[in-house]
Amino acid sequence: MGIVEAILLTVITAATPLVLAAIGELVTERSGVLNLGVEGMMIMGAALAFAATQVTGSPYIGILAGIVCGALFSLLFGFLTLTLVANQVATGLALTILGLGISGQIGEPYVGMSGIKLQPIVIPVLADIPFIGPLLFRQDLIFYISIALIIGVHWFLFHSRAGLKLRAIGDSHGSAHALGIHVIRTRYLAVMFGGACAGLAGAQLSLVYTPQWVENMSAGRGWIALALVVFASWRPGRVLAGGYLFGAVSISQLHAQALGIGIPSQFLSALPYAATIVVLILISHNRRVTLINTPASLGKPFVPDR
Amino acid sequence: MRIELEKRAGASTLYSILSPFIALGLTVIAGGIMFAMLGKDPVSALYSFFVEPLLDIWSLHEIAIKAAPLILIGVGLAVCYRSNNWNIGAEGQFIAGAIMGSILPVTFYDWHSPLLLPLMMIMGMIGGALYAAVPAFLKAHMNTNEILTSLMLVYIAQLFLDWLVRGPWRSPDGLNFPITRDFVPEAVLPELISSGRANLGFAFAIIAAVLLWLMMRYTLKGFEITVLGQSERAGRFAGFSSRRMIWFSMLLSGALAGLAGIAEVSGAINKLQPIISPGYGFTAIIVAFLGRLNPLGVIVAGLLLALTYVGGEAVQLTLSVSDKVTRVFQGLLLFFVLSCDTLILYKIRIVFAGRTAEDGAN
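Which chain is which? The protein sequence lines are A and B, in order.
In case it helps, the numbering used here puts the first sequence at residues 4 to 309.
In case it helps, the numbering used here puts the second sequence at residues 1186 to 1547.
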C-alpha cells in the first residue's frame, strides 16, 4: 500500500464520525429542531458501544447498542423541547453535559482496557480494483452505512413525500400544521434519527477510530458536526464533502506531529477547531445566502393551538 | 395518553418561584435512584452529597471557593442570555483571563508591589473580554453563529494554556512539571476572613451580582437588554441597536469570566497549570438558568452548584463512587430546571383519551 493510500485511509476513518453525526443533525434541523446535544449523544453512543462490545464480544452488538442508545438519549431532548417546549439551545447543552457525565460513569470500569476493533468487510471483485478498492471496498460496516445514509437522506429529503413534509415543517411549522401534517410526531422521529446517527458516530469512535474507551473521547467532534451542517447549507452531498475536508484537516495535524515539524503539537491540535471557525465565517458572512438556506422555523418552539 | 400544554394568561408568579425548587426536588429523587442503581444506600449517599458538606467549616470554605467563579461567570451569562446572545465559551474566556492576568506575576516574578494584584485583576478582565470579542465581532459583523465559534475557542484556549505551561512559561525550578513559578504573596488574592481559605473572589462575585441586578432593574441598559432579548424587532423600533448589544453582552460576560479565571488562579491555585478549571465555564450555564437568568438568583444557584462539586468529592471519598456523579447531577438539574420552567407559561394537562388538537387536524 502506498503512502497516499495510507493517508487517505486515515482521512476516511477520521471523517466518518463527522459525516454520520452531521447527516443525522441535518435531518433534525431540516425539521426545524436545533439539537445542540450532538456531542452528548455521540459520547453516550461511544461508551455504550464499547461496553456492549466488551460484554458480548461482538462489535456488531456494540454498533446496535450505540445506535439505540443515541436514539433513546435524544428522546430526552425531544420530550423537553417538543412536548414541554423548553428552550432548544439550553436543552441541547443540558444533553451534552449529562451525556459527558453519564458516559464517564458507564465507561469507568473500561478505562485502559484494549477494545475489540470492528473488522473490515471485503466486497468481492470491487475490492481488487487498484487504489480505489482498498480505500472504498475494504472498509468496515460503519463506513458503508455512512455512505448509504448520505444517499438515503438525499433521496428521502428531495424525492419522497415524507421528506417534502419534513422540509415543510422545518420551513413553516404553522402552515404545515394547518395542512394536517403531524408536526410534533415528525419532529420526534427526526430528533431520534439525529440521535441514532450521533450514537453510531460514537460507536465508530470507540470501535474503529481508537478502539478503546477514553473519557471525553469525542473531543468536540459533535460540535464540529454541528458546524458541518451549517457549512453544508443543509444539503446531504455537501455534508459528505465537508466531512472529508474536516477529516483531512484533523488527521493532517496528526501526520504533521508524527513528522516532527517544528510547530508545537498544541498548535497543530488546535487546527481543526480553528478551521471550523474559519469555515463558518466563510460560509455565513453573506447574510442573504444564509437566510435562504436555513430552515425558517429552526429553533422556534411550536405549540399546536386549539 | 398524551401531554398537552395550555398557555396561561400571563406568567405564573407562583411557579416562577416554585419551579427551581421542584426541579431541585426532582434532581434529588433522580439522584437517589442513581445511587441505588450504583448499589449504594440512597439516603446516606444523598446525605453525604448534599448535607454533610454544609456541616463543617472546611467544606463551607470550599463551597465559597467554588461558588465564586460559578457566580461571576453565571451573572455575566445570565445577562448575555437575557439579550438572546448565546455565549457558551465562558470556559475559554476564563482561561484567557487567567493567562492574561498571569502575565505580570509570571514574567516579572520578582516584582513585589501592592499595585500588582489590581493590575492582574484588570488584565484578567481585559483578557476575557478580548477573547469574547472574537465571537462578538464574528456575530455582529460577519453573521457567524456565536454558539459554535465561542465553543471552538474553548478548545483553542485550553491548548494554548497547555503549550504555555509546558513551553515558554514553565517554571525553571518546577522539576520539569508543567507549571509556572508560584506567584509571589503580593500576587495572591487575600483570604476573605483570616484563618479561612475562601478568598476575595467570593466578594467579587457577590458585588458583581448585585451590580448587575441593579443594572437590570433600574437602568435603561437593563431595559434595553430585556427588550432586545425578547424581540429584536421591538427593540429596533425603540432605537436600540442589536449589533451594539451583541458587543455589550459578549464583552461583559467575557470580562466577568476572565475575572473569574484570574481570581481562581491567583486565589486558589497560585500558579498556572494545564488544567485550571473543572468545567466552571460550562457549569455556569446551568447556574445562569437555575438562577432564572436573574443575577440574585444566580448567587443562590452558584452556591448550590458549588455544593454539587464539594458533595461529589465527598461521596467519592466516603462511598468510593466516581466523581462523575457531579457531572450527572449537574446535567439532571439543568434538565429538570428547563422542564419545570414550562409550568410558568403553560398549564400541563395529561389527556388519556379523546381527540386532541393534533388529531383534529387530520
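For each residue, glycine too, the CB sits at the ideal point set by N, CA and C.
If you're wondering where the values come from, they're calculated on a predicted model, not measured in any experiment.
Using a Cβ-Cβ distance under 8 Å, would residue i count as near chain B?
{"i": "Q157 (chain A)", "result": "In the sequence on display, residue 157 (chain A) carries His and not Gln. Not an interface residue."}
{"i": "G198 (chain A)", "result": "no"}
{"i": "H162 (chain A)", "result": "no"}
{"i": "Y276 (chain A)", "result": "yes"}
{"i": "P3 (chain A)", "result": "No information on residue 3 (chain A) is available, as it lies outside the stretch 4 to 309 that chain A covers here."}
{"i": "S178 (chain A)", "result": "no"}
{"i": "L39 (chain A)", "result": "yes"}
{"i": "G57 (chain A)", "result": "Checking the sequence, you will find Gln at residue 57 (chain A) rather than Gly. Answer no: the Cβ-Cβ gap between Q57 (chain A) and chain B never drops below 8 Å."}
{"i": "P20 (chain A)", "result": "no"}
{"i": "A251 (chain A)", "result": "no"}
{"i": "P298 (chain A)", "result": "no"}
{"i": "A54 (chain A)", "result": "no"}
{"i": "N219 (chain A)", "result": "no"}
{"i": "W226 (chain A)", "result": "yes"}
{"i": "Q108 (chain A)", "result": "yes"}
{"i": "T121 (chain A)", "result": "The sequence as given places Leu at residue 121 (chain A); Thr does not occur at that position. It does not: the Cβ of L121 (chain A) has no partner Cβ on chain B nearer than 8 Å."}
Consider the Cβ of residue i: report whether some Cβ of chain A lies at a distance smaller than 8 Å.
{"i": "A1196 (chain B)", "result": "no"}
{"i": "G1352 (chain B)", "result": "yes"}
{"i": "W1271 (chain B)", "result": "yes"}
{"i": "Y1316 (chain B)", "result": "no"}
{"i": "A1215 (chain B)", "result": "no"}
{"i": "T1527 (chain B)", "result": "yes"}
{"i": "M1430 (chain B)", "result": "no"}
{"i": "M1285 (chain B)", "result": "no"}
{"i": "I1341 (chain B)", "result": "yes"}
{"i": "S1233 (chain B)", "result": "no"}
Between residue i and residue j, how many whole angstroms is the CB-CB distance? I'm expecting something under 8 Å.
{"i": "E1371 (chain B)", "j": "L1301 (chain B)", "result": "5 Å"}
{"i": "G1443 (chain B)", "j": "G1313 (chain B)", "result": "2 Å"}
{"i": "L23 (chain A)", "j": "A204 (chain A)", "result": "4 Å"}
{"i": "V1264 (chain B)", "j": "S1434 (chain B)", "result": "6 Å"}
{"i": "L1581 (chain B)", "j": "A1394 (chain B)", "result": "As shown, chain B starts at 1186 and ends at 1547. That puts residue 1581 (chain B) outside it, with no answer to give."}
{"i": "G245 (chain A)", "j": "L257 (chain A)", "result": "With a Cβ gap of about 19 Å, G245 (chain A) and L257 (chain A) do not count as contacting."}
{"i": "Y1316 (chain B)", "j": "L1338 (chain B)", "result": "7 Å"}
{"i": "G73 (chain A)", "j": "G198 (chain A)", "result": "4 Å"}
{"i": "G225 (chain A)", "j": "E42 (chain A)", "result": "3 Å"}
{"i": "A89 (chain A)", "j": "L1523 (chain B)", "result": "4 Å"}
{"i": "W1271 (chain B)", "j": "V233 (chain A)", "result": "At roughly 14 Å, the Cβ-Cβ gap does not stay under 8 Å, so W1271 (chain B) and V233 (chain A) are not in contact."}
{"i": "A151 (chain A)", "j": "R141 (chain A)", "result": "About 17 Å; that fails the 8 Å criterion."}
{"i": "T56 (chain A)", "j": "I46 (chain A)", "result": "Rounded, the Cβ-Cβ distance is 16 Å, inconsistent with contact."}
{"i": "C1525 (chain B)", "j": "A1208 (chain B)", "result": "4 Å"}
{"i": "E1237 (chain B)", "j": "A1499 (chain B)", "result": "6 Å"}
{"i": "T94 (chain A)", "j": "F76 (chain A)", "result": "About 12 Å separates the two Cβ atoms, so there is no contact after all."}
{"i": "G1551 (chain B)", "j": "G1277 (chain B)", "result": "Residue 1551 (chain B) is absent from the model: chain B starts at 1186 and stops at 1547."}
{"i": "L271 (chain A)", "j": "A261 (chain A)", "result": "Rounded, the Cβ-Cβ distance is 10 Å, inconsistent with contact."}
{"i": "L1530 (chain B)", "j": "R1267 (chain B)", "result": "Their Cβ separation, rounded to whole angstroms, is 16 Å, which puts L1530 (chain B) and R1267 (chain B) out of contact at 8 Å."}
{"i": "E111 (chain A)", "j": "S1507 (chain B)", "result": "5 Å"}
{"i": "F1422 (chain B)", "j": "E1409 (chain B)", "result": "Their Cβ separation, rounded to whole angstroms, is 12 Å, which puts F1422 (chain B) and E1409 (chain B) out of contact at 8 Å."}
{"i": "L1437 (chain B)", "j": "N1269 (chain B)", "result": "Contact doesn't hold; Cβ gap of about 14 Å is too wide."}
So if DSSP puts residue i in a beta bridge, which residue, or which two residues, is it bridged to?
{"i": "S117 (chain A)", "result": "A:Q215"}
{"i": "Q57 (chain A)", "result": "For Q57 (chain A), which the question treats as bridged, DSSP gives no partner whatsoever."}
{"i": "R1187 (chain B)", "result": "B:V1536"}
{"i": "N38 (chain A)", "result": "For N38 (chain A), which the question treats as bridged, DSSP gives no partner whatsoever."}
{"i": "N1384 (chain B)", "result": "B:E1376"}
{"i": "Y1531 (chain B)", "result": "B:K1192"}
{"i": "Q142 (chain A)", "result": "A:I124"}
Confirm the yes/no value for this check: CB of residue i, any heavy atom of the ligand ADP, distance under 7 Å.
{"i": "A171 (chain A)", "result": "This structure lacks the ligand ADP; in fact it carries no ligand of any kind."}
Identify every run of the alpha helix (DSSP H) within the region 211–254 of chain A, keeping only runs that are complete inside it and at least 4 residues long; order them along the chain. 224–234
Please determine if the region 1248–1256 of chain B and the region 1487–1496 of chain B are in contact, where contact requires at least 3 C-beta pairs separated by less than 8 Å. yes
Would you call the region 51–63 of chain A in contact with the region 276–293 of chain A, where contact means no fewer than 3 C-beta pairs closer than 8 Å? no
Length at least 4, wholly inside the region 1317–1367 of chain B: the alpha helix (DSSP H) runs in chain order: 1331–1351
Minimum length 4: unbroken alpha helix (DSSP H) runs contained in the region 160–210 of chain A: 164–174, 176–181 and 186–207
Complete beta strand (DSSP E) runs within the region 1452–1512 of chain B (minimum length 3 residues, chain order): none
For the 8 Å Cβ check, are there 3 or more pairs between the region 184–200 of chain A and the region 28–40 of chain A? yes
Quick test of the definition: if touching needs 3 or more C-beta pairs under 8 Å, does the region 1450–1462 of chain B touch the region 1342–1356 of chain B? yes
Does the region 168–177 of chain A touch the region 13–29 of chain A, meaning 3 or more C-beta pairs lie closer than 8 Å? no
At 4 residues or longer, and completely inside the region 1245–1288 of chain B: list those alpha helix (DSSP H) runs for me, N to C. none
Count the CB pairs spanning the region 1200–1216 of chain B and the region 1512–1522 of chain B that are closer than 8 Å, and state whether there are at least three. yes
Under 8 Å, with one C-beta from each stretch per pair, do the region 207–216 of chain A and the region 111–122 of chain A reach the 3-pair mark? yes
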